[in-house]
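Remarks on the structure that follows.
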Amino acid sequence: MKRILITGGAGFIGSHLAQRLLNDGNDIICLDNFFTGSKDNIRHLIGNNRFELVRHDVTLEYFAEVDQIYNLACPASPVHYQYNPIKTMKTSVMGIINMLGLAKRCNARILQASTSEVYGNPQIHPQVESYWGNVNPIGIRSCYDEGKRCAEALMFDYHRQHNIEIRIARIFNTYGPNMALDDGRVVSNFIVQALKNKPITVYGTGAQTRAFCYVEDMTDALVKLMNSDFTGPVNLGNPDERSILDFAKLIIKLTNSNSEIIFKDLPSDDPVQREPDISLARKYLNWAPSTDINEGLIKTINYFARIINTVSVN
Ligand code: NAD
Ligand code: UDP
């Protein structure tokens, strides 16, 4: 049994990770400021004597005795991270400084939830970890992309300077239950629109590509990385690449929806293509995603169908 801190533990991925690590017999501190996360995601864990919920902001120092830290605190949806870009940058940069300080004091191992966004609008396809990326440093996505790049740099500086045990996961588009209804990312937008028979909003022509990984595959990879000897950075995602227009058609099919597809302006700096090369994850973590997209989407659609008319109060 380990004492494990998950920042952003009430969020989409964090809540699945908390459940998984509890199931494995660990003691969990779930830290969150509830900006995009929700108590609904972890309500069933409250009352478990190995689960502790702390309302706290990672931009402020936090003290606890822990063996491992999963640093997930950061809004992940473009809509939410662009809402207050200065706060987003502070969350990534001050957050990782505070968590690395905690790791140093406790001699804890720390995993950073980094992102495929460190590759920006990639000119190498599929993306490999050795690629340094093509990031606009002054655009509307920069608060997120550069914040995450800075966090990776700090992780390696603490590793070199203070021998902190670090793990860096470059997470690619992940989906599943516990995404917020108003999350704004493509999976939740399309499913909610389809379930309400409202128009499906494809940005641009829909020719841009993404590759979607089911959340349980992702939490499995994160736990494997944390407990491996591999520092990373390592790409974690599902290489099943498809265009956003095809993805919209798939959601309409799986929901039996009457929705039409409408086209809206493409936000600036929206990456044209994205697909992880997961050779390193296969080699060092013996991991590859196993959930078929149809199976994962049906579970996600059922989740949204259940919560679509509920109101959440934090
Ligand atoms: P999410 O928005 O559902 O979860 C983020 C959590 O962090 C939320 O619970 C939020 O309330 C919390 N948070 C935000 N700012 C905070 C702060 N200052 N202090 C404390 N808590 C704060 O997003 P997610 O999809 O679960 O993403 C989790 C992590 O994984 C993020 O760091 C994200 O950048 C990374 N990631 C996710 C994806 C994906 O596709 N889901 C892809 C790449 C990277
Ligand atoms: N997108 C879309 N319609 C939406 C939301 C997103 O066409 O309602 C597109 C978006 O422009 C991007 C892709 O879907 O090309 C994935 O967007 P998301 O916000 O999920 O995450 P990203 O991978 O861009 O960080």
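If you're matching positions, the sequence shown starts at 11 in the numbering used here and goes up one per residue.
Glycine residues also receive a C-beta, built at the ideal position from the N, C-alpha and C atoms.
Since the model is a prediction, treat every value here as computed from it, not as a measurement.
Note to self: Can you tell me whether residue 128 is helix, strand or coil according to DSSP?
What the structure shows: helix
Check: Which residues bound the beta strand (DSSP E) around residue 17?
Finding: Residues 13–17.
Item checked: Selection from 296, 188, 213 and 284 that minimises the alpha carbon distance to residue 306 -> 188
Next item on the list: Run the proximity test for residue 213: is its beta-carbon closer than 7 angstroms to any non-hydrogen atom belonging to ligand 2?
Entry: yes
Next item on the list: Can you check the region 228–257 for any beta strand (DSSP E) of at least 3 residues that lies completely inside it and give the ranges in chain order?
Entry: List check, beta strand (DSSP E) in window: 244–246 and 251–253.
Check: Should residue 31 go down as buried or exposed, given a rule of 16 or more other Cβ atoms within 10 Å for buried?
Finding: buried
Item checked: residue 147 burial status per 10 Å Cβ neighbour count (16 or more: buried) -> Residue 147 is exposed by the Cβ-count criterion.
Margin query: Does the distance between the C-beta of residue 199 and the nearest non-hydrogen atom of ligand 2 fall short of 7 angstroms?
Written below: yes
Next item on the list: Take the Cβ of residue 282 as the centre, count every other Cβ of all protein chains shown within 10 Å, and call the residue buried at 16 or more, exposed below.
Entry: exposed
Notebook entry, point to check: Going by the C-beta, is residue 233 closer than 7 angstroms to any heavy atom of ligand 1?
Noted result: Set against 7 angstroms, the gap from the CB of residue 233 to the closest heavy atom of ligand 1 is not smaller.
Notebook entry, point to check: residue 96: beta carbon under 7 angstroms from a heavy atom of ligand 1?
Noted result: no
Item checked: residue 205, DSSP secondary structure in three states -> helix
Item checked: Nearest candidate by alpha-carbon position, reference residue 230, set 199, 276, 179 and 194 -> Nearest Cα to residue 230 within the set 199, 276, 179 and 194: 179.
Checklist line | Check whether residue 235 and residue 181 have beta carbons under 8 angstroms apart | finding: no
Next item on the list: Measure from the alpha carbon of residue 127 to the alpha carbon of each residue in 184, 168 and 93, then state which is nearest.
Entry: Answer by Cα proximity: 184.
Margin query: Quick check: what's the CA-CA separation for residue 169 versus residue 175?
Written below: 6 angstroms
Notebook entry, point to check: According to the neighbour-count rule (16 or more other Cβ atoms, all chains shown, within 10 Å of its Cβ), is residue 258 buried or exposed?
Noted result: buried
Next item on the list: For residue 158, count neighbouring C-beta atoms within 10 Å of its own C-beta (all shown protein chains included) and say buried if the count is 16 or more, exposed if not.
Entry: buried
Margin query: Please report the straight-line C-alpha distance between residue 215 and residue 272, rounded to a whole angstrom.
Written below: Cα to Cα, residue 215 sits roughly 10 angstroms from residue 272.
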